[in-house]
Amino acid sequence: MNFSQKLKRLRQEKNWSQEKLAEEIGVKRLAVSKYESGQSKPSAETLQKISEVFGVSIDYLFAEDSKKLTEKEIKDKTLLEYVSEIEKMDEEEKNFVKFFLDAVIFRYKRRDK
Numbered sequence: 031m032n033f034s035q036k037l038k039r040l041r042q043e044k045n046w047s048q049e050k051l052a053e054e055i056g057v058k059r060l061a062v063s064k065y066e067s068g069q070s071k072p073s074a075e076t077l078q079k080i081s082e083v084f085g086v087s088i089d090y091l092f093a094e095d096s097k098k099l100t101e102k103e104i105k106d107k108t109l110l111e112y113v114s115e116i117e118k119m120d121e122e123e124k125n126f127v128k129f130f131l132d133a134v135i136f137r138y139k140r141r142d143k
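Here is the structure:
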């Protein structure tokens with residue numbers, strides 16, 4: 031389940047409209063619609079508000095149900111070194127890196143379409 035799907039499910043579990051969620055996190059309803067459809071990603075500040083109103087971590091919001099890469103599966107050694115360094119970071123730093131990478135990957139995927 032990706033971020034968009036999780037956001038929509040969390041909102042529906044509270045029986046909230048997109049308008050209600052927008053009020054809670056301080057954005058317009060159109061922004062919530064775009065988050066849920068995968069057309070855009072929230073800012074770091076908005077992401078923090080989303081995690082707070084639903085009582086979930088930012089990590090949960092972006093962690094997808096995919097298998098974890100092992101050292102043997104990571105062929106680019108530089109990437110392997112980055113992963114090793116990221117694992118040493120505290121949760122706030124890890125969340126920042128994940129958010130940044132998610133934004134870069136999102137942009138890359140949109141470019142290829």
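Numbering follows the numbering used here, with no gaps: position 4 of the sequence shown is 34. From the three backbone atoms N, C-alpha and C, an ideal C-beta is built for every residue, glycine too.
Exercise. Taking only the alpha-carbon atoms, compute the straight-line gap between serine 81 and threonine 108 and give it to the nearest angstrom.
Key: Position 51 of the sequence shown holds residue 81. Position 78 of the sequence shown holds residue 108. Computed Cα separation, rounded: 32 Å.
Self-check item: Straight-line Cα distance separating lysine 38 from glutamate 54
Solution: Reading the sequence shown from its first residue, position 24 is the one you call residue 54. Reading the sequence shown from its first residue, position 8 is the one you call residue 38. Put simply, the backbone Cα of glutamate 54 is about 14 Å away from that of lysine 38.
Quiz item: Grouping DSSP H, G and I as helix and E and B as strand, with all else coil, what is aspartate 120?
Solution: The residue you call residue 120 lines up with position 90 of the sequence shown. Coil.
Quiz item: Are valine 62 and leucine 77 closer than 8 Å when you measure CB to CB?
Solution: For the purposes of this step, residue 62 is identified with residue 32 of the sequence shown, where counting begins at 1. For the purposes of this step, residue 77 is identified with residue 47 of the sequence shown, where counting begins at 1. If you check the CB distance, valine 62 and leucine 77 do not come in under 8 Å.
Quiz item: Taking phenylalanine 33 as the reference, which of Ile88, Tyr138 and Asp120 has the closest Cα?
Solution: Counted from its first residue, the sequence shown places residue 33 at position 3. That would be Ile88, whose Cα lies nearest to the Cα of phenylalanine 33.
Exercise. Determine the DSSP secondary structure at lysine 58, reduced to helix, strand or coil.
Key: For the purposes of this step, residue 58 is identified with residue 28 of the sequence shown, where counting begins at 1. It is coil, neither helix nor strand.
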